[in-house]
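Quick notes on the structure that follows.
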RNA sequence: GCUCCGGUAGUGUAGUCCGGCCAAUCAUGUCGGCCUUUCGAGCCGAUGACUCGGGUUCGAAUCCCGGCCGGAGCACCA
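Residue numbers (our numbering): 8 to 469.
See below:
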């Protein structure tokens, strides 16, 4: 089997691309064969030069591997060659009809005057095409003027574009349309199965005519439905505008649905993969919720993420009447299921930061500081007892805390780009960037940067 | 409007091709319980669906017709 992932380089990959990429990859690994990465940049106006770099990066992050790689703008001569061949076969013709006039004819199943031009006239126009003005002429593939779907009738194969191409400059003015270059490439590259969105249903139909004209085998077309994410509805172009206007910090802004934004937040590639394999290739649309992704991701992270205390809405608390004997160092496992990962140590001297909400929601009640002591919340915070049993008796809430005497500053970037700040326990200094941890009772987060001993996390989910 | 396609629990999915083993799978969510220490993790359990109406058949989620709802395309974008 030969499959290809063929994105348009208009920006980095987003969650929708992930489906095509991962499913293609899955077919290859499951049935054997190869995967081709083909960058489809035959519209000079829809090319973001950075995308040539970002697309492979995003694929690598997702764990998608490809064997061959092509860029269509390197293959312009090939498209020109096949376009000419098609004319010589009498299967395509040069058409100078204004667009609206052709549409009128096409919609009533009538052929335009150029359809029966002689080969010589066609070739002459084809030779002149590079010197003609944009919009004045196109090469059309003959299909069936009686096809019940007007969209299929005599579609455009080559057209003139005046803009410079970001990669190949002004070397060419005559560019292939996607349906033409895709068909030529899929055939030349030996693609056996074409996996594409159902928005290409009509294109598959159009392309079949070209396969038949040239006597080529038609690959298996597989169409999948639309994938909607609740919340993020941002298209690549909307995201780009937002970045340019300074609304978003970049392609990896936590509010965006790009692969890099999702990864930055600590969503694991395996979670994305599981999601895509579950959704599969069915043609019915599906709406995926973040909760679903979080659930899958949590299953992976739960085993991986060590635990730390961070207080994000800190209020300094001094415990009155704390017996001297209870002061000391609290040891706590990094992960309850994997004790051999070791312990972290928190000095405890009666001065701690607690989450303001924990204090406000427990006024008049007993609160247990994990692995430390029980305290009574009132106007004054006082020592209550020390054992867990006592805490249970009081139905005390068990909360996390950070020592005042020893801690690091921490910031947590939330999904809505809200930046929370507070304190994290001192043993967090053993963490390095990219580590994903569970901030107990807060949620999972990925360490994004460390600056001047201040840690910045990107929040994944609870 | 025209062409094409789809509709299984809150969401996603299995089953639909080749009707019976489907009072319908799994996941996620939600709810409840458990846990010498995360109310939020984990573990256990529970709730929850075949779009509707006809037809064919001994028997239909599965086949046929119609309705309803939803989607895609109708570019000199990909």
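Heads up, the beta-carbon is just placed ideally off N, CA and C, and yes, glycines get one too.
Minimum C-alpha distance to residue i - residue among the options
i	options	result
residue 171	313, 52 and 229	52
residue 298	144, 110 and 468	468
residue 320	70, 431, 355 and 327	431
residue 405	144, 420, 366 and 424	366
residue 287	232, 328, 403 and 102	232
residue 345	213, 313 and 265	313
residue 375	393, 386 and 36	393
residue 460	44, 443, 437 and 273	437
Distance between residue j and residue i (C-alpha atoms, nearest Å)
i	j	result
residue 180	residue 168	5 Å
residue 46	residue 192	11 Å
residue 107	residue 114	10 Å
residue 56	residue 127	40 Å
residue 463	residue 175	41 Å
residue 388	residue 456	35 Å
residue 247	residue 385	51 Å
residue 429	residue 448	14 Å
residue 4	residue 187	In this structure the chain extends from 8 to 469, so residue 4 is not present and cannot be described.
residue 238	residue 296	8 Å
residue 24	residue 112	37 Å
Which of helix, strand or coil DSSP assigns to residue i
i	result
residue 364	helix
residue 175	coil
residue 70	coil
residue 255	coil
residue 191	helix
residue 288	coil
residue 167	strand
residue 123	helix
residue 464	strand
residue 304	helix
residue 311	helix
residue 274	coil
residue 131	helix
Extent of the continuous beta strand (DSSP E) run through residue i
i	result
residue 337	335-340
residue 450	450-458
residue 391	388-392
residue 375	373-376
residue 322	321-325
residue 425	Segment: none, residue 425 is in no beta strand (DSSP E) and carries neither H nor E.
residue 382	381-384
residue 235	234-236
Residue i, enclosing alpha helix (DSSP H) - first and last residue
i	result
residue 94	83-95
residue 75	Per DSSP, residue 75 belongs to no alpha helix (DSSP H); it is in the beta strand (DSSP E), 75-78.
residue 36	22-38
residue 270	266-271
residue 399	395-400
residue 227	Taken as a continuous stretch (DSSP letters only), residue 227 belongs to no alpha helix (DSSP H), being part of the beta strand (DSSP E) at 227-231.
Classification of residue i by the beta-carbon crowding that lies within 10 angstroms, buried from 16 upward
i	result
residue 219	exposed
residue 269	buried
residue 38	exposed
residue 445	buried
residue 33	buried
residue 336	exposed
residue 265	buried
residue 214	buried
residue 424	exposed
residue 435	buried
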